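In what follows, a single structure is set out as structure tokens and then discussed.
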Amino acid sequence: MSVTLYDVEALPGTAAASQRARLLVVDDQPINIRALHEVFSADHDVFMATNGAQALAFCRQTPPDLVLLDVVMPDMSGLEVCRALKADAQTESIPVIFVTSLDDPAEEAACWDAGGVDFITKPINALTVRNRVRAHLTLKLQSDLLRRMAWVDGLTGVANRRQFDERLEREWQRCRRAGQPLSASIVDIDHFKAYNDTYGHLAGDDCLRQVAAAIEGSLARAGDLVARTGGEEFTCLLPEIDLDGALTVVENVERAVRALGIVHAGSELGVVTVSIGVASARADGESTIAGLLTQADNGLYRAKRAGRARVCA
Ligand code: GH3
Ligand code: MG
Ligand code: MG
Ligand code: MG
Numbered sequence: 002m003s004v005t006l007y008d009v010e011a012l013p014g015t016a017a018a019s020q021r022a023r024l025l026v027v028d029d030q031p032i033n034i035r036a037l038h039e040v041f042s043a044d045h046d047v048f049m050a051t052n053g054a055q056a057l058a059f060c061r062q063t064p065p066d067l068v069l070l071d072v073v074m075p076d077m078s079g080l081e082v083c084r085a086l087k088a089d090a091q092t093e094s095i096p097v098i099f100v101t102s103l104d105d106p107a108e109e110a111a112c113w114d115a116g117g118v119d120f121i122t123k124p125i126n127a128l129t130v131r132n133r134v135r136a137h138l139t140l141k142l143q144s145d146l147l148r149r150m151a152w153v154d155g156l157t158g159v160a161n162r163r164q165f166d167e168r169l170e171r172e173w174q175r176c177r178r179a180g181q182p183l184s185a186s187i188v189d190i191d192h193f194k195a196y197n198d199t200y201g202h203l204a205g206d207d208c209l210r211q212v213a214a215a216i217e218g219s220l221a222r223a224g225d226l227v228a229r230t231g232g233e234e235f236t237c238l239l240p241e242i243d244l245d246g247a248l249t250v251v252e253n254v255e256r257a258v259r260a261l262g263i264v265h266a267g268s269e270l271g272v273v274t275v276s277i278g279v280a281s282a283r284a285d286g287e288s289t290i291a292g293l294l295t296q297a298d299n300g301l302y303r304a305k306r307a308g309r310a311r312v313c314a
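Residue numbers (the numbering used here): 2 to 314.
Spelled out as structure tokens, the structure:
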């Protein structure tokens with residue numbers, strides 16, 4: 002059996018471990034920060050924080066690729082900082098290496114328990130710390146890459162079916178708890194088989210990318226999601242919005258795709274268009290996720306029947 006290892010450096014958009022990474026050094030003693038800065042500044046962008054609050058704020062705003070974290074600090078210990086990073090979905094995947102002068106086994110155990118990936122003692126040995134950091138950066142980049150391959154549609158860059166299913170379940174539960182509606186819409190490119198037949202499969206792929214970007218660009222709110230859920234079919238998830246609101250959003254989607262002006266001789270309007278079905282539900286005892294999607298699909302069917310390039314609820 003042969004195993005294919007993906008070459009991280011060969012993949013577009015992926016920073017390799019040999020490329021500059023963003024490291025955050027957290028220590029209350031400037032002299033310790035300086036020592037690590039000296040080790041890494043030639044190869045990486047080194048950022049500094051002298052207390053826990055600063056470190057957490059930095060990680061939430063602009064997550065670094067790795068954190069080198071002191072344990073003993075006056076206001077908030079490194080252990081607390083690490084636990085806070087691991088408890089937040091936004092920062093949990095940032096690897097934390099503890100750098101400490103503590104050499105007590107119980108203290109070391111506490112660092113591992115807090116979620117650190119490594120433990121380095123001071124005074125630091127430049128060769129050791131450089132290679133440990135390199136190893137953890139490589140692991141981090143590889144796991145980021147795997148996550149991206151598992152969750153993102155390779156052709157268009159929007160979410161894939163797996164991410165969509167996972168988010169749908171989560172949003173359904175969240176909207177149910179909040180007593181909020183959840184809307185969904187299915188967007189299907191009109192006469193796309195004819196487009197491929199006339200302009201070729203490569204042009205078809207390019208069209209899919211443009212349509213995906215147009216849909217994504219029309220969804221304004223941070224919680225909205227578009228996923229490629231079929232060959233030339235996209236599903237939008239619109240949390241906390243009722244049918245009227247969802248109709249407004251997807252009418253914009255329909256117009257945005259048409260406005261791309263992608264010539265399509267075999268289409269009613271002479272350009273690539275989409276048909277959209279939309280539905281909304283309250284996640285209470287009566288309704289189900291499957292019911293919501295079936296309703297959206299019925300709307301899509303009606304939009305096709307009514308002449309395409311339109312939205313139907
Ligand atoms: P309708 O207006 O009724 O939706 O007609 P349609 O031709 O769009 O629908 P149909 O389901 O008959 O054809 C879908 C086409 O989408 C067929 C298939 O070749 C094409 N397609 C699916 N996935 C891809 C892809 O990844 N790239 C390209 N270029 N074409 C794709
Ligand atoms: Mg300290
Ligand atoms: Mg289709
Ligand atoms: Mg179609």
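We put the beta carbon where it would ideally sit given N, CA and C, even for glycine. Note that the coordinates shown come from a computational prediction; the quantities given were computed from them, not determined experimentally.
Exposure of residue i, with buried meaning 16 or more beta-carbon neighbours within 10 Å
{"i": "T129", "result": "exposed"}
{"i": "E172", "result": "buried"}
{"i": "S144", "result": "exposed"}
{"i": "S219", "result": "buried"}
{"i": "S94", "result": "exposed"}
{"i": "N126", "result": "exposed"}
{"i": "N132", "result": "exposed"}
{"i": "P124", "result": "exposed"}
{"i": "H202", "result": "exposed"}
{"i": "V264", "result": "exposed"}
{"i": "L270", "result": "exposed"}
{"i": "Q91", "result": "exposed"}
{"i": "I32", "result": "exposed"}
{"i": "G1", "result": "Residue 1 lies beyond the range of the chain shown here (2 to 314); nothing can be said about it."}
{"i": "G308", "result": "exposed"}
{"i": "G117", "result": "buried"}
{"i": "E233", "result": "buried"}
{"i": "S42", "result": "exposed"}
{"i": "D154", "result": "buried"}
{"i": "A223", "result": "exposed"}
{"i": "D28", "result": "buried"}
{"i": "P75", "result": "exposed"}
{"i": "A221", "result": "exposed"}
Proximity below 9 Å, CB of residue i to CB of residue j
{"i": "V97", "j": "L67", "result": "yes"}
{"i": "T157", "j": "V188", "result": "no"}
{"i": "L80", "j": "C60", "result": "no"}
{"i": "V275", "j": "D191", "result": "yes"}
{"i": "V273", "j": "I216", "result": "no"}
{"i": "V100", "j": "L70", "result": "yes"}
{"i": "V159", "j": "A88", "result": "no"}
{"i": "R149", "j": "R229", "result": "no"}
{"i": "H38", "j": "R23", "result": "no"}
{"i": "L183", "j": "L239", "result": "yes"}
{"i": "E170", "j": "I290", "result": "yes"}
{"i": "M49", "j": "L86", "result": "no"}
{"i": "A310", "j": "S268", "result": "yes"}
{"i": "T199", "j": "A151", "result": "no"}
{"i": "D293", "j": "A185", "result": "Strictly speaking, residue 293 in this sequence is Leu, with Asp absent from that position. For L293 and A185, yes; Cβs fall inside 9 Å."}
{"i": "A115", "j": "C83", "result": "yes"}
{"i": "Q164", "j": "L226", "result": "yes"}
{"i": "A314", "j": "L248", "result": "yes"}
Coil, strand or helix - residue i by DSSP
{"i": "S144", "result": "helix"}
{"i": "T230", "result": "strand"}
{"i": "A22", "result": "coil"}
{"i": "D119", "result": "strand"}
{"i": "L67", "result": "strand"}
{"i": "V134", "result": "helix"}
{"i": "G14", "result": "Note that G14 scores 43 on pLDDT, short of 50, meaning its location in the model is unreliable; the coordinates nonetheless yield the value given after this. Three-state result, G14: coil."}
{"i": "M49", "result": "strand"}
{"i": "L238", "result": "strand"}
{"i": "V153", "result": "strand"}
{"i": "G201", "result": "coil"}
{"i": "L6", "result": "Caution is warranted here: a pLDDT of 36 is assigned to L6, below 50, making its placement in the model unreliable, and no coordinate value can be reported."}
{"i": "A223", "result": "coil"}
{"i": "N33", "result": "helix"}
{"i": "I125", "result": "coil"}
{"i": "E93", "result": "coil"}
{"i": "G308", "result": "coil"}
{"i": "T289", "result": "coil"}
{"i": "D207", "result": "helix"}
Identified DSSP bridge partners for residue i
{"i": "G278", "result": "I187 and C313"}
{"i": "F99", "result": "L70 and F120"}
{"i": "V264", "result": "V272"}
{"i": "P182", "result": "R283"}
{"i": "A257", "result": "Per DSSP, none; premise fails for A257."}
{"i": "V160", "result": "The residue you asked about is not Val; residue 160 is Ala in the sequence shown. Its beta-bridge partners are V153 and A228."}
{"i": "V27", "result": "A50 and L70"}
Open item on the list: Any contact between the segment 282-289 and the segment 254-261? By contact I mean 3 or more CB pairs, one from each, below 8 Å.
Closed with: no
Task: Inter-stretch contact at 8 Å, needing at least 3 Cβ pairs: the segment 294-311 / the segment 241-248 - done: no
TODO: Assess, as a yes-or-no matter, whether the segment 48-55 is touched by the segment 77-91 under the definition of 3 or more beta carbon pairs within less than 8 Å.
DONE: yes
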